[in-house]
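Note that our numbering numbers the sequence shown so that position 222 is 412, with each residue one more than the last. For every residue, glycine included, the Cβ atom is placed at its ideal position computed from N, Cα and C. These numbers come from a predicted model, not from an experiment.
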Amino acid sequence: MDYNEKMENVSILGAAGKMGSGIVLLTIVEMADLSLKAENKSKTYVLNAVDISQKALSGLMKYINAQVVKIAEKKIVQLRKIYEDRADLIENSDIINEYVMDVMNILRPVTTLESTYESNLIFEAASENPDLKVKLFSQINQNSTKKPWFLTNTSSIPIHELDAKANLEGRIIGFHFYNPPAVQKLVEIINAKTTVADLSEFALMYAKNLRKVVVPSNDFAGFIGNGHFMRDAIYGMDQAVKLAKDIPFVEAVYMINKVTQDFMVRPMGIFQLIDYVGVDVCQYIMKVMNPHVKDEEIHHNLLDMYIDMGVRGGQNSDGSQKDGFLKYEKGKVTAIYNPEVKEYVAIDTFAAACDDRLGKLASSHITWKSAVSNQKTRLDVLRTYFNELKEMNTVGAALAVNYLKRSKEIGLKLVADNVALNTDDVNTVLLTGFFHAYGPVNDFI
Ligand SMILES: NC(=O)c1ccc[n+]([C@@H]2O[C@H](COP(=O)([O-])OP(=O)(O)OC[C@H]3O[C@@H](n4cnc5c(N)ncnc54)[C@H](O)[C@@H]3O)[C@@H](O)[C@H]2O)c1
């Protein structure tokens with residue numbers, strides 16, 4: 191396998207999407223850096239950014255340009271060395287402009303598949319729709335002049351299924367970036383049983399060059415990340431439904447969201463995380479996972495109900511959060527959706543009563559932010575906190591302890607079901623991909 195040769199002609203499908211745009215950025219910088227090596231100067235590097243939306247592709251070009259300027263500014267010393275034989279590049283701005291031009295020269299925004307037929311590598315980040323992915327792979331595979339390798343960013347579809355349906359003969363691997371790909375360190379790599387060895391080797395090398403943390407996942411729908419998150423979310427929604435037998439639904443959602451964030455020392459509450467990922471995306475991932483999971487139901491009525499009411503979450507194109515279970519104003523949660531009247535209810539009207547019901551946080555409580563910013567003391571501080579939490583006789587503590595137990599159980603089941611190789615891998619995914627302060631499989635609980 192010649193890494194350099196493979197990187198000469200690459201196509202990215204769904205290039206203008208949330209994930210695709212980040213993958214374009216990472217890949218084009220990697221390609222540009224290869225192209226600027228002395229031994230590669232005579233070669234032509236091409237990255238086809240394929241998307242159905244012309245408008246989104248023009249947004250992509252602007253995004254890539256702006257990001258590459260920032261990257262060039264950061265690595266100006268390295269670039270000065272790369273361009274040292276160019277006497278005409280004097281000022282930093284000359285070098286930055288030259289680098290941006292070299293990068294942008296590689297990029298070809300396209301709305302049809304024809305140009306991908308010349309590519310050695312196809313990164314796929316089109317919408318999470320198995321039929322769409324199979325259709326794209328089949329068409330490229332049938333028409334390609336190469337025998338291209340396919341790296342799919344699917345969050346949930348088993349890789350062997352895509353392989354068999356598109357007849358790729360093992361030239362496919364799951365390369366699951368986290369959102370946003372340019373920032374998130376974690377990549378789950380999913381080898382199907384059929385994945386060819388050279389492609390596995392390439393995927394590891396590409397991840398290493400991108401300085402990613404790699405966790406291997408076995409080829410089960412949802413893999414490790416969504417395998418944990420979807421079950422964790424179902425548990426959270428179940429708990430809210432249970433509480434809502436005695437209190438208004440919005441208060442139940444508020445309480446579970448607060449327990450999962452503050453009491454459990456997580457970066458955000460479970461309902462906020464569902465909104466962030468997208469209520470519709472969560473529903474879709476569960477739909478893909480469910481037929482592959484035999485002993486439990488990966489589905490929740492609440493998601494169906496909210497989507498029927500047009501409540502979807504996700505982000506606006508400027509990155510701001512759309513309303514979902516929760517309503518957001520300037521990034522802050524201000525209200526909670528009441529499906530009975532199809533309106534948001536301001537948190538101010540009930541938060542104090544809910545906080546009283548949950549009870550105080552333990553005296554040794556620390557925020558997620560301070561836990562993750564003190565890596566040396568993190569585990570000791572958390573142990574002290576969780577020990578106190580277990581001794582507390584409050585509604586909030588009981589909900590949190592049971593939730594921690596469920597989260598641990600999910601982590602252990604991922605290993606028992608052979609999705610993850612070991613509990614360290616489960617913990618790494620939650621620590622790195624979800625920014626948790628501690629892994630779900632721990633001795634705190
Ligand atoms: N968003 C996340 O948090 C996340 C995280 C990890 C993995 N993923 C996976 O990445 C993939 C993309 O997700 P996303 O969130 O970026 O979705 P998105 O909706 O933001 O982007 C999908 C892109 O695919 C394009 N597209 C649709 N049909 C196409 C076609 N026929 N040819 C070319 N492009 C087409 C759309 O125009 C859009 O730009 C999915 O498989 C998803 O499961 C998403």
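For the candidate residues the options, whose alpha-carbon lies nearest to that of residue i?
{"i": "D498", "options": "G514, T618 and N592", "result": "G514"}
{"i": "D241", "options": "A206, C544, L269 and K231", "result": "A206"}
{"i": "L358", "options": "I379, S554, R401 and T384", "result": "T384"}
{"i": "M291", "options": "K595, D614 and V259", "result": "V259"}
{"i": "H490", "options": "N583, T450 and D470", "result": "D470"}
{"i": "N310", "options": "I362, I272, A356 and N480", "result": "I362"}
{"i": "L203", "options": "K264, F313, Y307 and E288", "result": "F313"}
{"i": "L224", "options": "G249, E195 and I424", "result": "E195"}
{"i": "L247", "options": "D278, G210 and K402", "result": "G210"}
{"i": "V483", "options": "E441, G417, N199 and V386", "result": "G417"}
{"i": "D275", "options": "A228, N295, E308 and M294", "result": "A228"}
{"i": "G586", "options": "D546, D570 and T557", "result": "D546"}
{"i": "W558", "options": "V455, G212 and Q329", "result": "V455"}
{"i": "F439", "options": "I296, A387, T584 and A541", "result": "A541"}
{"i": "A372", "options": "V405, L215 and L237", "result": "L215"}
{"i": "V605", "options": "N408, K337 and F625", "result": "N408"}
{"i": "K208", "options": "N230, L226 and Y253", "result": "Y253"}
{"i": "Y628", "options": "I272, K566, E581 and Q429", "result": "K566"}
{"i": "V501", "options": "V571, P529, T622 and L326", "result": "P529"}
{"i": "Y527", "options": "K520, V200, Q462 and I296", "result": "Q462"}
{"i": "V631", "options": "P406, A590, F625 and I600", "result": "I600"}
{"i": "D570", "options": "D633, N255, K603 and A262", "result": "D633"}
{"i": "T302", "options": "V293, L326, N295 and M294", "result": "L326"}
{"i": "P136", "options": "D388, M294, I296 and V377", "result": "Only positions 191 to 635 of the chain appear in the structure, and residue 136 is not among them; the question remains open."}
{"i": "N399", "options": "T217, N369 and T622", "result": "T217"}
{"i": "V200", "options": "G212, K231, A239 and K477", "result": "A239"}
{"i": "M294", "options": "S328, A256, L279 and Y273", "result": "A256"}
{"i": "K355", "options": "N331, V609 and V377", "result": "N331"}
{"i": "A588", "options": "G459, A610, E441 and K550", "result": "K550"}
{"i": "Q505", "options": "Y474, P370 and Q429", "result": "P370"}
{"i": "D538", "options": "R401, E441 and D278", "result": "E441"}
{"i": "D607", "options": "E486, H626 and L279", "result": "E486"}
{"i": "I261", "options": "V403, L237, A222 and S232", "result": "A222"}
Would you grab the beta carbon distance between residue i and residue j for me? Rounded to a whole angstrom, and I think it's under 8 angstroms.
{"i": "A552", "j": "E578", "result": "4 angstroms"}
{"i": "S554", "j": "Y575", "result": "5 angstroms"}
{"i": "I379", "j": "F365", "result": "6 angstroms"}
{"i": "L492", "j": "M427", "result": "5 angstroms"}
{"i": "S346", "j": "A411", "result": "5 angstroms"}
{"i": "L250", "j": "P320", "result": "About 25 angstroms; that fails the 8 angstroms criterion."}
{"i": "I488", "j": "M495", "result": "Not a contact, Cβ separation roughly 17 angstroms."}
{"i": "E281", "j": "Y235", "result": "Rounded, the Cβ-Cβ distance is 26 angstroms, inconsistent with contact."}
{"i": "T335", "j": "E308", "result": "6 angstroms"}
{"i": "T306", "j": "K323", "result": "At roughly 14 angstroms, the Cβ-Cβ gap does not stay under 8 angstroms, so T306 and K323 are not in contact."}
{"i": "I414", "j": "V619", "result": "5 angstroms"}
{"i": "Y134", "j": "A525", "result": "Residue numbering for the chain in the displayed model covers 191 to 635; residue 134 lies beyond these limits and cannot be assessed."}
{"i": "K512", "j": "G503", "result": "6 angstroms"}
{"i": "L548", "j": "V449", "result": "7 angstroms"}
{"i": "L594", "j": "I635", "result": "4 angstroms"}
What are the residues that DSSP puts in a beta bridge with residue i?
{"i": "W339", "result": "L311"}
{"i": "H366", "result": "E378"}
{"i": "A222", "result": "Note: A222 sits in no beta bridge, so no partner."}
{"i": "A136", "result": "The structure shown does not extend to residue 136, since the chain is modelled only from 191 through 635, so no value can be given for it."}
{"i": "L176", "result": "Nothing about residue 176 can be read from this structure; the chain reaches only from 191 to 635."}
{"i": "V571", "result": "For V571, which the question treats as bridged, DSSP gives no partner whatsoever."}
{"i": "P299", "result": "A239"}
{"i": "Q505", "result": "Q511"}
Got a sec: does ligand 2 put a non-hydrogen atom nearer than 7 angstroms to the Cβ of residue i?
{"i": "D353", "result": "This structure lacks ligand 2; its bound ligands are ligand 1."}
Quiz item: Can you list, in chain order, the stretches of the beta strand (DSSP E) that have 3 or more residues and sit fully within the region 391 to 417?
Solution: 403 to 407
Quiz item: Which parts of the region 512 to 537 are runs of the beta strand (DSSP E), unbroken and 3 residues or longer, counting only runs that do not cross its ends?
Solution: 516 to 519, 522 to 528 and 533 to 536
Quiz prompt | contact_flag[the region 388 to 401, the region 610 to 624] where n(CB pairs < 8 angstroms) is 3 or more | solution = no
Exercise. Count the CB pairs spanning the region 311 to 331 and the region 443 to 452 that are closer than 8 angstroms, and state whether there are at least three.
Key: no
Quiz item: Taking one C-beta from the region 261 to 269 and one from the region 278 to 289 each time, how about it: are there three or more such pairs within less than 8 angstroms?
Solution: yes
Quiz prompt | Every unbroken alpha helix (DSSP H) within the region 418 to 505, with a cutoff of 4 residues, ordered by chain | solution = 439 to 448, 460 to 467, 469 to 479 and 491 to 498
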